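Residue numbers (our numbering): 8 to 808.
C-beta: ideal position from N, C-alpha, C; glycine also.
All values derive from a computational prediction rather than experimental measurement.
Scroll down for the structure; my scribbles are underneath it.
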Amino acid sequence: MKYIAIIYLFSVTTILGEPLPIDDIDSSRKVSYAKDIEPVFKRSCIACHNSTKAKGKLNLESVSYMMEGADGFDVIVPGKSDESLVFLLAAHQEESFMPPPKNKSNAPNLTPEELGLLRLWIDQGAIDDGVSAENKKINFAKMSDKVNAIYSVAISPDNQFAAAGRGNKINIYHLPSGKDLGRLIDPSLEKLGASAHIDIVGSMAFSSQGTLASAGFRNVKLWKKLPPKKFFKFELKGPNQSSFAVDKKTNKSLHGNEQGEIYFYSPDAKQLQLIYKHSSEIKSISFVSENTYSFIGSDGFLAFLDINKKEPKVSTNLQFQAQTIEYIENVNLVAIGTADGMIKILSLDDGFKVVGEMKAHSENVSLLKAYGSGGNEIVSFGSDNIIKFWKVEGTKISKTREINNGAGINDISIADDFKLIAAVEGNEKIKVWNINDGKLKFESNNKWVLERQAKSDEQKKNVSAKVLEERKKQVAASEKKIKDDSAALDKAKEAEKNAKAELDKKKIELVASNDVKTKAEADVKTKEEAKDEGLKAAQDQLKKATEAADAKDKEFKDAERKNTEAIRSREIAERFLKRANDADKNTKQLLAQAEKKLANATQIHVTSAKLFAESESQLGSIIFSEDGAQVFAGSNDGKIYSWEVESGKPSDFMEVGDDSINLIGLKENKFSLINGNKWLEGLHNEHVWVMDRMIGNIDDPKTIVDRVNALGFSPDGKLLATGGGVPSRSGELKVWNVSTGELVSSNVDSHSDTISGLVFSPSGQSIATSATDRFVKVFKVNGGDLEKSFEGHTNHVLDVT
């Protein structure tokens with residue numbers, strides 16, 4: 008039985024300890040790393056020797072990793088397999104064997120042929136003909152239309168737009184109206200379908216300037232909303248424009264000025280032409296049909312003309328002071344509002360004969376507009392501040408409703424379905440009423456843009472104040488730390504002084520005890536040589552002296568150790584104090600920066616709050632959208648403001664210029680307007696988004712190594728941070744210049760697994776990241792250096808804010 012056990016032990020030792028057999032491979036054969044070596048490593052080695060789990064710091068994922076070595080050893084020595092650690096371990100010529108016996112991955116030993124190929128490959132120079140996973144070209148197929156789940160969303164800072172990443176597509180929505188504005192399209196991807204990215208859109212973010220960033224595979228795309236497009240612009244000749252009219256069906260327009268000139272604009276002809284010259288100011292003008300019109304001069308001259316004719320078809324000199332004119336379509340009549348508050352009905356068929364009249368207002372009918380399916384209903388406004396609705400039946404005028412507004416009105420507009428009426432009141436606000444019951448639907452003003460800016464600036468000021476408060480606490484803490492560390496250093500110096508004194512004392516005592524011992528030794532030697540009877544007493548005395556000297560030596564060594572410790576404690580205290588002083592200096596610099604930033608933020612808020620409180624922005628004209636869902640108003644600050652009719656909430660604004668905007672027509676989302684009382688312009692607001700820039704490329708792992716999982720803009724919108732990495736390998740954090748696309752800073756080993764979320768600090772100086780390695784970390788924007796780590800999470804940290 009004992010014999011069998013010995014044989015078994017010997018067999019196991021032989022199996023575990025002997026090198027593996029190796030085939031001799033024809034040296035003329037060219038060994039390929041990609042074909043012959045890499046597959047073997049993947050099967051038998053990489054499970055324990057990779058970027059995430061590098062046993063013995065040995066990483067066999069690529070030739071470049073192997074060339075870096077492991078724990079000071081040469082993993083590969085090109086041309087010398089017998090000096091290459093990877094071969095020696097794989098051949099079991101050196102421990103620890105690779106793979107180890109009974110390994111958890113069930114990785115098999117290399118076969119004799121495989122070992123022979125490994126040896127020959129190294130001896131041939133260990134040439135890397137492989138392509139690493141990150142460098143392999145990836146061929147993407149067209150993504151199925153069924154992949155339309157939303158994986159990422161973003162909302163613009165002004166709450167106007169939302170972006171939704173549906174698979175590899177991005178849809179833009181207008182939040183106030185809830186309208187889908189369509190998809191963002193990268194023209195280069197047309198072969199793979201109309202989409203924004205080739206892969207899943209994993210993250211999106213809006214900048215403070217409204218730029219949208221979207222993340223895909225190895226790239227980030229920046230999208231910008233195009234400004235409203237001016238599709239025509241003509242200079243209006245002569246002095247101030249005094250009147251205009253628009254044919255809603257064709258968007259043709261007529262323009263009269265104080266010099267008596269009438270100009271005609273046709274979208275088809277795309278030109279502004281002078282069609283008539285009168286001797287006095289054109290007081291009011293109205294289309295009669297697409298190609299005919301009527302006007303009133305300030306001298307009371309009333310005429311009916313063809314647009315392409317120079318002479319009136321019908322004309323007359325009015326015997327009353329006319330203010331405004333409107334054509335009533337189905338009965339071929341014109342309604343005229345007068346300075347004394349009358350509405351007079353004149354027949355075109357009967358040479359402008361007055362066929363009906365009504366005392367509509369106490370005085371001065373300033374606004375008159377026809378509406379209804381046949382144009383036989385009119386609305387009027389007079390100096391009594393009452394809006395009145397009239398129905399014209401033949402020559403009879405009857406009032407159907409009135410709205411006592413209580414304040415002056417500059418302009419009115421009626422929705423195309425004739426259910427709503429909107430007005431600009433006193434340059435300051437808009438009002439919208441239901442025509443059927445006369446009830447006010449909502450009222451608003453255009454100060455919401457300034458108010459929003461003031462609130463945003465106030466929030467930034469409050470954040471700056473909070474940062475300053477924290478900086479003050481940090482300075483107080485750093486000053487206390489200096490005080491404590493200074494006290495600790497004084498204490499350490501005193502301890503060192505005492506330890507040195509004790510050491511000097513013990514040294515003197517040791518020397519004295521050694522002298523006694525030396526004398527005792529000499530006495531014993533003398534008495535031994537003389538065979539003196541006092542030898543025994545001398546030997547006892549030597550023993551005592553030796554014991555005393557040993558005790559003193561021990562005391563000296565203890566004092567020496569304590570002195571060394573005291574010196575070390577003093578040096579540590581000095582380092583701590585230096586660090587505290589350095590930290591205090593840095594903290595006070597940050598405090599100064601915070602004070603300056605708060606002062607700037609406070610001044611900005613004071614300015615925006617003052618602008619909001621003292622705004623002189625005035626509304627002058629108003630018009631409904633064709634579907635009646637929105638109402639637009641032109642302002643003297645060069646903007647067009649809009650509101651959602653259903654909710655009554657502000658919708659959007661468009662910056663047209665610096666002068667007053669007078670809206671005169673809207674068809675197919677195309678505005679006709681007068682800019683600064685000088686220019687006739689056409690403005691198309693399509694909400695078009697285009698790709699402005701792409702950072703990275705799907706075939707370029709050096710710029711961005713893999714999928715981008717997280718995006719974030721700096722508070723000023725000038726920097727963009729991207730977070731990603733290789734799954735189970737690394738977390739890549741990079742910061743880019745938005746305007747140029749250039750790399751600002753990088754930390755490709757910020758985490759040991761992919762970054763899943765990131766956000767800039769309010770100061771814009773730091774970036775917080777979350778990752779699937781269960782860590783949250785904070786990095787400096789400049790340089791990408793780690794500032795803090797937060798551990799303790801029990802699973803993937805998906806996002807951070």
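Taking residue i as part of the alpha helix (DSSP H), name the residues at either end of that continuous run.
{"i": "HIS612", "result": "542 to 620"}
{"i": "MET73", "result": "70 to 74"}
{"i": "ASN505", "result": "455 to 537"}
{"i": "PHE94", "result": "92 to 97"}
{"i": "GLY263", "result": "It is not in any alpha helix (DSSP H) - GLY263 instead sits in the beta strand (DSSP E) that spans 259 to 264."}
{"i": "ASP130", "result": "119 to 130"}
Please return the same chain residues whose Cβ sits closer than 7 Å to the Cβ of residue i, not counting the five positions on each side in sequence.
{"i": "ASP560", "result": "LEU517"}
{"i": "ASN802", "result": "ARG781"}
{"i": "GLY401", "result": "VAL338"}
{"i": "GLU602", "result": "LEU475"}
{"i": "GLY703", "result": "ARG225, ASN226, VAL227, THR710 and ILE711"}
{"i": "ASN417", "result": "VAL431, ASN434 and GLY627"}
Along the beta strand (DSSP E) that carries residue i, what are the first and last residues, could you check?
{"i": "TYR648", "result": "646 to 651"}
{"i": "SER439", "result": "For clarity, residue 439 is Val in the given sequence; the question names Ser instead. Note, VAL439: beta strand (DSSP E), 436 to 441."}
{"i": "SER773", "result": "773 to 778"}
{"i": "ARG50", "result": "Looking at the DSSP string, ARG50 is not in any beta strand (DSSP E); the run it does join, the alpha helix (DSSP H), is 45 to 51."}
{"i": "HIS694", "result": "It is not in any beta strand (DSSP E) - HIS694 carries neither H nor E in the DSSP assignment."}
{"i": "THR345", "result": "340 to 345"}
{"i": "LEU626", "result": "626 to 631"}
{"i": "HIS758", "result": "750 to 758"}
{"i": "ILE393", "result": "393 to 400"}
{"i": "ASN66", "result": "It is not in any beta strand (DSSP E) - ASN66 carries neither H nor E in the DSSP assignment."}
State the Cα-Cα distance for the pair residue i and residue j, rounded to the nearest angstrom.
{"i": "ASN315", "j": "GLY209", "result": "60 Å"}
{"i": "GLY730", "j": "SER770", "result": "19 Å"}
{"i": "SER287", "j": "GLY304", "result": "6 Å"}
{"i": "MET661", "j": "LEU457", "result": "14 Å"}
{"i": "LYS741", "j": "ALA640", "result": "44 Å"}
{"i": "ALA329", "j": "GLN216", "result": "50 Å"}
{"i": "GLY791", "j": "ASN754", "result": "6 Å"}
{"i": "LYS408", "j": "PHE271", "result": "Looking at the sequence itself, residue 408 is Arg, so the reference to Lys does not match. Roughly 35 Å between the two C-alpha positions."}
{"i": "ALA140", "j": "ASP589", "result": "Reliability of the predicted coordinates at ALA140 is poor, the pLDDT of 46 falling under 50, and the value obtained from them is presented with this limitation in mind. ALA140 and ASP589: Cα-Cα distance of roughly 45 Å."}
{"i": "SER752", "j": "ALA212", "result": "19 Å"}
{"i": "LYS543", "j": "LEU549", "result": "10 Å"}
{"i": "GLY415", "j": "GLU370", "result": "13 Å"}
{"i": "VAL321", "j": "ASP357", "result": "9 Å"}
{"i": "TYR72", "j": "ILE134", "result": "13 Å"}
{"i": "SER763", "j": "ASP806", "result": "6 Å"}
{"i": "LYS551", "j": "PHE80", "result": "57 Å"}
{"i": "ILE53", "j": "VAL47", "result": "9 Å"}
Please go through the same chain and pick out, in chain order, the residues whose beta-carbon is closer than 6 Å to the beta-carbon of residue i, but skip the five residues on each side of it.
{"i": "VAL154", "result": "GLY174"}
{"i": "PRO274", "result": "ASN258"}
{"i": "SER615", "result": "GLN460, ALA461 and ASP464"}
{"i": "ALA580", "result": "ALA495, LEU496 and ALA499"}
{"i": "SER471", "result": "LYS604, LEU605 and ALA608"}
{"i": "SER485", "result": "ALA590, ASP591 and THR594"}
{"i": "LEU374", "result": "PHE388 and ILE419"}
{"i": "HIS285", "result": "GLY267 and GLY304"}
{"i": "SER405", "result": "LYS398"}
Suppose the cutoff is 8 Å on Cβ atoms and the five residues either side in sequence are ignored; what does the same chain contact list for residue i look like?
{"i": "MET349", "result": "PHE327, GLU364, MET365, LYS366, ALA367 and VAL372"}
{"i": "ASN298", "result": "ASP313, ILE314 and ASN315"}
Spell out the partners DSSP gives residue i in its beta bridges.
{"i": "THR299", "result": "SER296 and ASP313"}
{"i": "ASP659", "result": "SER649"}
{"i": "ASP187", "result": "TYR180"}
{"i": "ILE205", "result": "Answer is none; ILE205 lacks a bridge partner."}
{"i": "LYS236", "result": "HIS691"}
| Is the number of C-beta pairs between the stretch 700 to 720 and the stretch 246 to 263 that are closer than 8 Å three or more? | no
| field | Cβ pair count under 8 Å reaching 3, the stretch 440 to 448 against the stretch 409 to 429 | value | yes
| Should the stretch 608 to 624 be regarded as contacting the stretch 532 to 547, the criterion being three or more beta carbon pairs within less than 8 Å? | no
| message | Below 8 Å, how does it come out for the stretch 626 to 638 and the stretch 165 to 182: are there three or more Cβ pairs, yes or no? | response | no
| Inter-stretch contact at 8 Å, needing at least 3 Cβ pairs: the stretch 229 to 236 / the stretch 687 to 697 | yes
| said: Assess contact between the stretch 161 to 173 and the stretch 636 to 654, defined as three or more Cβ pairs (one per stretch) separated by less than 8 Å. Is contact present? | reply: no
| task | Mind the definition here: the stretch 117 to 128 touches the stretch 34 to 43 only if three or more C-beta pairs lie below 8 Å; say whether that holds. | result | yes
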